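**Q** For the sequence shown, the numbering used here begins at 754 and goes up steadily by one.
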Amino acid sequence: MAKNGRTLLVMVVLSLLTACAPRAPTPIPEPNATPEEELTTLNLNLGGEPATLDPSLATDAVSQQVIVNLFLGLTGTHDETNDIIPSLATEWEASEDGLVWTFHLRDDVYWVRYDPQTRVAEKKRKVTAHDVEYAVKRTIDPATESPWAWPNYIIQNAEAVSSRAETLAVGVGVKAVDDCTVQFNLEQPAAYLPSISGLWGNYPLPREVIEEFDDRWTEPGNLWTCGPYMLDTWKRHNRIVLVKNPHYYNAGNVAIDTVNFAMVGEGLTALYMYENGDLDSTPLPLVEPLEALERARGDPQLSKELHWEPVLMTASFTFNLTKPPVDNPLVRKALAAAVDKERLLHEVVRADHIPAKTFGPPEVFGSPAEHPNFQGIPFDPQQAREWLAEAGYPDGQGFPELVVMGFREERSELIQEFVEQQWRDHLGIEVKVVSHEVEIYWQRVGVDSPHVLATPKWAAYPDENNFMDAYHPVTVYNYSRWNAEDPAAVRFMEVTEAAAAESDPQVRKALYFEAEKILCQDEAIVVPLYHGRLPYVTKPYVERTYNPLAQGVARWRVKPH
């Protein structure tokens, strides 16, 4: 059996964890009463109402921020490095052919039901591999209508079942071998499976609770949780309150007893609450006219408490390779070299994002975004004009009107207009921007795309595979309409498929370096603009972590103040 790519990290962490084993679990002492004055409370702002607390259904960041504090995935992501680390699973290994993955679970994690009326936390039973099997199959089942079914298509028969080509009776490649062991059988080797296994849609779930309460299973008093916190209050459009889970396997290291989540979407209101001491930390929405952000930047104290967090997102434009003249790589390179990304961020976006030369952001595994030898296509108007002339359009002469399709949203339109003007100024060409509402936009992408598309991409999981797969010529995405028989496309497919299957992390990184070079440099199919960041203000007395996927607070501390 070949160990997963981060065996050393896993084994180091294992020395600190209690693995599943045929022995009695260490008894968890009942919580002692704590004097009220010693309880620690943290006041945060979600920025809106959670759409759901069902892990299989949650796609919005607001929901996920609550869910990550209530449940555990098989794996997690390290707050500082974004590496995949043990969580419910203590270790995992793949078969020699990479088609069978086995995860070994802790034996000291319990489902806990909290009663908000009596404030009693009742330990129900252990979390087992059967809960994982149930959750994965529930997510894949088309009846669930889970938005997280697609990452699981790497699992045997998952896509056929999800698309209704087959039924669950045919069997999906996930099985609880015993209470502490779950096994995945794959359609093809996937070194990124540990990332997939930790997604919200694969969080273990208590079947008996879901079957008893149906869509009310996540209500306070009904919900069973296994993470560091329990659900005390969910008052719609007002607040959510979480309380510390005394039966959590690592409860002794959870310092905050109560987490109050406000649901304030208006940036200035949230900032005033923060200044008034009603919030200990809050995100500042990047919505025009950026009043909250500008206030924080201009205030001597607030500016010291302002922090920009990576959000695993890249803003970009993609060329439709079926539309002349952008079917010519020289034209695409010229357009890419004619965009001043630094000026875009400084004058238009006005946010501390990172200028991008790759499609994958630096925080995802395998991205060469910060590799010193990756050049991309830098801003160079003279080179851009030379490439355009070489393509047969000196000074833009004879170049047809270029149509750019984007989003009907104020900040998006500002970005689109800036790029339009850059191409006019530096290349002397005519550009037309067409904007649509989000739903209409994505419908048009799949039917009749113009020359250029706005293509923002958020990571579902922190692996370069998630970004490269969007341009694989034979996937349902393939925003660029790349012909699979194009020699560059053939090489791109070879490289990305090899990287997806490769177990050696360094080899994977080298393969993704080549894939990004094809995509963003040699063929210039994508013009990456910037990697996203989100601003937060946080009180000096709060010691916190920043995780680009979701804000778990189990490791946070509130110092006396």
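Where is the CB? At the ideal position from N, CA and C, for every residue including glycine.
Small disclaimer: the values here were computed from a predicted structure and weren't measured.
Mapping the DSSP letters down to three states, classify residue 728 as helix, strand or coil.
**A** The question about residue 728 has no answer here: the residues shown for the chain are numbered 754 through 1314.
**Q** Leaving out the 5 sequence neighbours to the left and right, which residues in its chain are closer than 6 angstroms to residue 1152 when beta-carbon positions are compared?
**A** 1146 and 1182
**Q** Does the Cβ of residue 1294 have 16 or more other Cβ atoms within 10 Å, making it buried, or fewer, making it exposed?
**A** exposed
**Q** Could you tell me which residues DSSP puts in a beta bridge with residue 868?
**A** 873
**Q** The alpha helix (DSSP H) spanning residue 1245 covers which residue range?
**A** Counting along the chain, the alpha helix (DSSP H) containing residue 1245 begins and ends at 1240-1254.
**Q** For residue 829, report the span of its beta strand (DSSP E) as first-last.
**A** From DSSP, the beta strand (DSSP E) with residue 829 extends over 828-830.
**Q** Alpha carbon to alpha carbon, how far is residue 838 from residue 848? Give it in angstroms, no decimals.
**A** 20 angstroms
**Q** Give me the residue from 801, 1232, 1130 and 1300 with the minimum Cα distance to residue 1060.
**A** 1300
**Q** Could you pull the start and end residues of the beta strand (DSSP E) that residue 813 belongs to?
**A** Careful: residue 813 lies outside any beta strand (DSSP E) and carries neither H nor E.
**Q** Determine the DSSP secondary structure at residue 787, reduced to helix, strand or coil.
**A** Summary for residue 787: the model assigns pLDDT 44, below 50, so the residue's position carries little reliability, and this model does not support an answer.
**Q** Determine, using beta carbons only, whether residue 860 and residue 879 come nearer to each other than 8 angstroms.
**A** yes
**Q** To the nearest angstrom, how far is it from the Cα of residue 1219 to the Cα of residue 811?
**A** 18 angstroms
**Q** Helix, strand or coil: which one does DSSP assign to residue 1297?
**A** coil
**Q** Have a look at residue 1277 and residue 1258 and give me their C-alpha separation to the nearest angstrom.
**A** Counting only the Cα atoms, residue 1258 lies some 26 angstroms from residue 1277.
**Q** Could you tell me whether the Cβ atoms of residue 1117 and residue 1212 are closer together than 8 angstroms?
**A** yes
**Q** Using only CA atoms, which one of 932, 1055 and 955 lies nearest to residue 893?
**A** 955
**Q** Cα separation between residue 1079 and residue 1051?
**A** 43 angstroms
**Q** By DSSP, does residue 1061 sit in helix, in strand, or in coil?
**A** strand
**Q** Can you tell me the Cβ-Cβ gap for residue 853 and residue 905, rounded? I've got them flagged as a contact below 8 angstroms.
**A** Not confirmed; about 16 angstroms, so no contact.
**Q** Measuring CA to CA, which of 1044, 1185, 1216 and 935 is closest to residue 1206?
**A** Looking only at 1044, 1185, 1216 and 935, the smallest Cα-Cα distance to residue 1206 is reached by 1185.
**Q** At the level of alpha carbons, what is the spacing between residue 1020 and residue 1260?
**A** For residue 1020 and residue 1260, the distance between alpha carbons rounds to 44 angstroms.
**Q** Given this structure, state the Cα-to-Cα distance separating residue 1306 from residue 933, to the nearest angstrom.
**A** 27 angstroms
**Q** Would residue 1189 and residue 1155 be called neighbours here (beta carbons separated by less than 8 angstroms)?
**A** no
**Q** Using the three-state DSSP reduction, which class does residue 1203 fall into: helix, strand or coil?
**A** coil
**Q** With distance defined between alpha-carbon atoms, name the residue in 1169, 1042 and 886 nearest to residue 1097.
**A** 1169
**Q** Taking the alpha carbon of residue 1273 as the point to measure from, which residue in 1077, 980, 1164 and 1082 has its own alpha carbon closest?
**A** 1082
**Q** Do residue 828 and residue 942 count as a contact pair if the criterion is CB distance below 8 angstroms?
**A** no
**Q** Report all residues from its chain with a CB closer than 8 angstroms to the CB of residue 806; omit the five preceding and five following residues, and keep chain order.
**A** The residues are 816, 819, 820, 823, 971, 976, 984 and 987.
**Q** How many whole angstroms separate the CB atoms of residue 1310 and residue 918, which I take to be in contact at a CB cut-off of 8 angstroms?
**A** Actually they do not touch by this definition, with Cβ atoms about 50 angstroms apart.
**Q** So, does the stretch 1088-1096 touch the stretch 1127-1135, judging by three or more C-beta pairs under 8 angstroms?
**A** yes
**Q** Please report how far the alpha carbon of residue 1289 lies from the alpha carbon of residue 1037, in whole angstroms.
**A** 6 angstroms
**Q** From the DSSP output, which residues share a beta bridge with residue 838?
**A** DSSP output for residue 838 lists 829 as bridge partner(s).
**Q** Helix, strand or coil: which one does DSSP assign to residue 1260?
**A** helix
**Q** What are the boundary residues of the beta strand (DSSP E) that includes residue 997?
**A** Run containing residue 997: 992-997, per the beta strand (DSSP E) assignment.
**Q** Over the uninterrupted beta strand (DSSP E) stretch that includes residue 848, give me the two end residues.
**A** Going by DSSP, residue 848 is part of no beta strand (DSSP E) at all; its letter is neither H nor E.
**Q** Could you check where the alpha helix (DSSP H) with residue 1106 kicks off and where it finishes?
**A** Premise fails: residue 1106 is in no alpha helix (DSSP H) and is neither H nor E.
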